[in-house]
Amino acid sequence: SGAGGGTVVRVFRPDGGELAAPGGVGPLWTGRLPLSGDYVVRVRATDGPAGYTLAVQIPRRVVVDRENPSTSFAGVAPSRAPVDYLIKGERGRALDVELRTVDGGTHLHIYGLDDGAQLAPLADRWQRFGAPLPSTQDYVISVVPAGGGARYELLVTLR
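Residue numbers (our numbering): -16 to 142.
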């Protein structure tokens, strides 16, 4: 994401073709890399010189099934960057996520990977979420720490 002037981020496959971002062209690209290989990330300033930070996040897969619908993770965020988890959800199934922290400033951000649908918007600073899923897709569950060294426990249930 850019600071100062505007930026546009684009990602290109190993064969040179551009990968479309579900949210459209802009300062943030979130999506799935379909194959192994070397990808090119291009950051272009749109309004003159622009400073930017490039961060790559690879989420940890959450594995649950109907016989074992719950799991938990405990961790320490090494910096203020989100710690991401990815869960495959089916339309109509209930997703329940609880974030337990000591600092109280760490919160959740939950959204659809394919369509960007915001279930727990970043600005709302949720620590507990529960609702039926609107569509079948992978969902990103981000633990957004208040600062480096934030300890947390994440409880995830998909029913």
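Heads up, the beta-carbon is just placed ideally off N, CA and C, and yes, glycines get one too.
Owing to the predicted nature of the structure, the values given are computational and were not obtained by experimental measurement.
(Q) For V139 and I93, which I take to be in contact (beta-carbon distance under 8 angstroms), what is that distance rounded to the nearest angstrom? (A) In the sequence shown, the residue the question calls residue 139 occupies position 156. In the sequence shown, the residue the question calls residue 93 occupies position 110. About 10 angstroms separates the two Cβ atoms, so there is no contact after all.
Q: Specify, as a first and last residue, the run of the beta strand (DSSP E) that T140 falls within.
A: As a first step, residue 140 is located in the sequence shown; it is residue number 157 there, counting from the start. Looking at the DSSP string, the run of the beta strand (DSSP E) that includes T140 is A133 to L141.
Q: Can you tell me which of the three DSSP states D67 falls into?
A: Within the sequence shown, numbered from 1, the residue matching residue 67 stands at position 84. Three-state DSSP puts D67 in a strand.
Q.
Under 8 angstroms, with one C-beta from each stretch per pair, do the segment 118 to 126 and the segment 60 to 67 reach the 3-pair mark?
A. yes
(Q) Going by DSSP in three states, V(-9) sits in which element: helix, strand or coil? (A) Within the sequence shown, residue -9 is the residue found at index 8, counting from 1. Strand at V(-9).
Q) Would you say P52 and L116 are within 8 angstroms of each other, going by their C-beta atoms? A) Within the sequence shown, numbered from 1, the residue matching residue 52 stands at position 69. Within the sequence shown, numbered from 1, the residue matching residue 116 stands at position 133. No, Cβ-Cβ distance for P52 and L116 is not below 8 angstroms.
Q: Report buried or exposed for G95, applying the criterion of at least 16 other Cβ atoms within 10 angstroms of its Cβ.
A: For this step, residue 95 is matched to residue 112 along the sequence shown. With 16 or more other Cβ atoms within 10 Å, it is buried.
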